[in-house]
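Q: Residue numbers (this note's numbering): 296 to 544. We put the beta carbon where it would ideally sit given N, CA and C, even for glycine.
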Amino acid sequence: MNPDLSVSYKHDFEKFLKHTDEKAILVSEIEKYISRYDIRSVLDIGAGNGEISIPLSKKVDRYLAIEKNPEFTLQLTQGGVETMEAEFPVQVVGAFDMVLASHTISYRRSDFSTFIKEFVQTAWNLVNENGIFLMIGSGGNNDDWYNLMKEIGEATELEPNKLGYQETTEQLHAIGKVTVEKVAAYVRTETLEDMIDALTFIAGKGDPVRKEKFLRHRDVTESILTEKYATADGFAFPFYHYFHLIQKN
Ligand SMILES: C[S@@+](CC[C@H](N)C(=O)[O-])C[C@H]1O[C@@H](n2cnc3c(N)ncnc32)[C@H](O)[C@@H]1O
296 MNPDLSVSYK HDFEKFLKHT DEKAILVSEI EKYISRYDIR SVLDIGAGNG EISIPLSKKV
356 DRYLAIEKNP EFTLQLTQGG VETMEAEFPV QVVGAFDMVL ASHTISYRRS DFSTFIKEFV
416 QTAWNLVNEN GIFLMIGSGG NNDDWYNLMK EIGEATELEP NKLGYQETTE QLHAIGKVTV
476 EKVAAYVRTE TLEDMIDALT FIAGKGDPVR KEKFLRHRDV TESILTEKYA TADGFAFPFY
536 HYFHLIQKN
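Next comes the structure, spelled out in structure tokens:
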């Protein structure tokens, strides 16, 4: 990314982070699974920068984070989390009460079919007897974000997500009985401008072409947001997180 683009990516990302309750929702929902299943050890695959892993690690006796991005592994280690810098699937010694993969999988990989099969199998082998595999991702294309992108004519961008989600759930069903919980997190803003900035991050994800395509429809997007997502305090736009749970027994 050249310096200008990284500045604009950072700006959109910060707007998004400032206005979403996503990380707080993820932490509190995962904590519910930790207490419901009496989890003492967690393997967190694709732990990220520590925002959810650091608070979660304090809830259990052992928390091992696997993360491929060296910047994030440094933050995790500094946050006191036992960390392995690697790209999963990778050999891990031992087994865990919970194996967690929260928003780890990119549906856009060219080798997705082989990758997801190996990922799910390897993760499952690391779950203790009576333990759980918890995989969190965005769902197929049936949510508000997809509908918004469809209305502005940019939904083709999201087609890989639909196929990736289908293949992921097929692999999960192949290993056991899957229970799905749909959890909403919201981007909330006082102004329409801030909402557009936050959603631009989701649409662009660091790609200036996708960002520009999204912003081309700014007028229509603003009308849809005003019509459907205005609240007493401003605007609230939902993103759904699908929690897929499989218990080993
Ligand atoms: C979108 S972030 C999610 C972070 C965190 N789990 C959360 O839910 O907030 C995805 C993270 O997974 C990491 N990641 C993606 N694929 C990975 C893999 N195969 N092995 C290890 N880390 C991976 C990325 O580097 C990134 O930090």
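#1: Could you tell me the boundaries of the beta strand (DSSP E) in which LEU338 lies?
#2: Assign ALA527 to one of three DSSP states: helix, strand, or coil.
#3: From PHE534 to THR484, what distance separates their C-alpha atoms?
#4: Nearest to TYR537 by CA position, among ASN423, MET430 and LEU312, is which residue?
#5: Let me know the secondary structure DSSP gives VAL482 once reduced to three states.
#6: Would ILE427 and LYS354 be called neighbours here (beta carbons separated by less than 9 Å)?
#7: Just checking, does the region 463–470 make contact with the region 403–422 on the three C-beta pairs under 8 Å criterion?
#8: Please give the ranges of any alpha helix (DSSP H) in the region 313–392, keeping only runs that are unbroken, at least 4 residues long and fully inside the region.
#9: Out of GLY499, LEU395 and PRO503, point me to the one whose CA is closest to LEU321's CA.
#10: Per DSSP, which residues does PHE538 bridge with? Please list them.
#11: Between ALA418 and chain E, is there a C-beta pair that is closer than 9 Å?
#12: From GLN461 to TYR402, what distance separates their C-alpha atoms?
#13: Taking contact to mean 3 or more Cβ pairs, one atom from each stretch, closer than 8 Å, check whether the region 501–514 and the region 398–412 are in contact.
#14: At the level of alpha carbons, what is the spacing between GLU454 and VAL515?
#15: From this set, THR378, ASP333, SER330 and ILE334, which residue's C-alpha is nearest SER348's C-alpha?
#16: Is any heavy atom of ligand 1 found at a distance shorter than 8 Å from the C-beta of ALA381?
#17: Return the residue from the list ALA527, PHE407 and ASN420 that minimises the CA-CA distance to GLN386.
#18: Please classify GLU488 as buried or exposed, where buried requires at least 16 neighbouring CB atoms within 10 angstroms.
#19: Does ligand 1 have even one heavy atom less than 8 Å from the beta-carbon of THR486?
A: Reading it off the structure:
#1: As a first step, residue 338 is located in the sequence shown; it is residue number 43 there, counting from the start. Residue range 336–340 is occupied by the beta strand (DSSP E) that includes LEU338.
#2: Locating residue 527 in the sequence shown gives position 232, counting from the first residue. DSSP, reduced to helix, strand and coil, places ALA527 outside both helices and strands of the structure shown, so it counts as coil.
#3: In the sequence shown, counting from the first residue as 1, residue 534 sits at position 239. In the sequence shown, counting from the first residue as 1, residue 484 sits at position 189. Taking the straight line from one Cα to the other gives about 14 Å.
#4: On the sequence shown, position 242 is the one that residue 537 refers to. Considering only alpha carbons, the answer is MET430.
#5: Taking the first residue of the sequence shown as position 1, residue 482 is located at position 187. Secondary structure of VAL482 (DSSP, three-state): strand.
#6: Looking up residue 427 in the sequence shown gives position 132. Looking up residue 354 in the sequence shown gives position 59. With contacts defined by Cβ atoms closer than 9 Å, ILE427 and LYS354 do not form a contacting pair.
#7: Touching, per the Cβ criterion.
#8: As summarised for the region 313–392, the continuous alpha helix (DSSP H) elements at least 4 residues long and confined to that stretch are 317–331, 348–352 and 365–373, given in chain order.
#9: For the purposes of this step, residue 321 is taken as residue 26 along the sequence shown, with counting starting at 1. Restricting attention to GLY499, LEU395 and PRO503, the CA atom closest to the CA of LEU321 is found in LEU395.
#10: Sequence index remark: in the sequence shown, residue 538 carries index 243 (1-based). DSSP output for PHE538 lists ILE431 and GLU476 as bridge partner(s).
#11: The question asks about chain E, but that chain is absent: this structure has only one protein chain.
#12: Stepping through the sequence shown from its first residue, residue 461 is reached at position 166. Stepping through the sequence shown from its first residue, residue 402 is reached at position 107. A straight line joining the alpha-carbon of GLN461 with that of TYR402 spans about 10 Å.
#13: Three or more Cβ pairs closer than 8 Å define a contact, and the region 501–514 falls short of that threshold against the region 398–412.
#14: On the sequence shown, position 159 is the one that residue 454 refers to. On the sequence shown, position 220 is the one that residue 515 refers to. Rounded to the nearest angstrom, the two C-alpha atoms are 21 Å apart.
#15: Here residue 348 is taken as the residue at index 53 of the sequence shown, counted from 1. Considering only alpha carbons, the answer is THR378.
#16: Position 86 of the sequence shown, counting from 1, holds the residue named residue 381. Of the heavy atoms belonging to ligand 1, at least one sits nearer than 8 Å to the Cβ of ALA381.
#17: Reading the sequence shown from its first residue, position 91 is the one you call residue 386. With distances taken between Cα atoms, GLN386 lies closest to ASN420.
#18: Position 193 of the sequence shown, counting from 1, holds the residue named residue 488. It counts as exposed.
#19: Along the sequence shown, one-based indexing puts residue 486 at 191. Answer for THR486: no, Cβ out of range of ligand 1.
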